[in-house]
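**Student:** Under numbering that gives the first Met the number 0, the first residue of the sequence shown is numbered 0, with each subsequent residue one higher. The beta-carbon is built from N, C-alpha and C at its ideal position, and this holds for glycine as well. In this text the structure is predicted, and so the values were computed from the model without any measurement. Before I ask anything, here is the structure I am working with.
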Amino acid sequence: MKVSVKAAEANLSELIDAALSGEEVVIDKDSSTAVRIVPVQQSMPFKFGLLAGKVGEVPDFLEPMSEEDLAAWEGAA
């Protein structure tokens with residue numbers, strides 16, 4: 000649906016409803032397309048535990064390295 004700025008001012012609520020129902024709403028200004036009204040895409044809320052059971056064992060980064068790992072880290076191995 001194409002409307003002029005003046006018509007959009009008078010019928011904004013109806014234009015929003017039309018856009019929300021999936022209709023393309025375009026507002027023309029001075030005989031050229033100026034604005035397209037589109038619904039805001041709703042983002043999915045973050046869900047805790049989404050990867051539970053899908054990730055392997057996570058190492059304890061605060062645990063001291065073994066002598067073998069330390070030597071490999073320092074480039075001695």
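Alpha carbon to alpha carbon, how far is W72 from V39?
**Tutor:** What you label residue 72 is simply residue 73 of the sequence shown in a count that begins at 1. What you label residue 39 is simply residue 40 of the sequence shown in a count that begins at 1. About 50 Å.
**Student:** Can you have a look at A70 and say buried or exposed, based on whether 16 or more other CB atoms are within 10 angstroms of its CB?
**Tutor:** In the sequence shown, counting from the first residue as 1, residue 70 sits at position 71. By the neighbour-count rule (16 or more Cβ atoms within 10 Å), A70 is not buried but exposed.
**Student:** Thinking C-alpha only, which one of F60, G48, G52, I26 is nearest A9?
**Tutor:** Taking the sequence shown and counting its residues from 1, one reaches residue 9 at position 10. The candidate whose alpha carbon is nearest that of A9 is I26.
**Student:** What did DSSP end up calling V39 once you bin it into helix, strand or coil?
**Tutor:** One-based indexing of the sequence shown puts residue 39 at position 40. Three-state DSSP puts V39 in coil, outside helix and strand.
**Student:** Please identify the residue among V54, S3, L11, D16 whose C-alpha is closest to the C-alpha of D29.
**Tutor:** Position 30 of the sequence shown, counted from the first residue, corresponds to residue 29. For the residues V54, S3, L11, D16, the minimum Cα distance to D29 belongs to S3.
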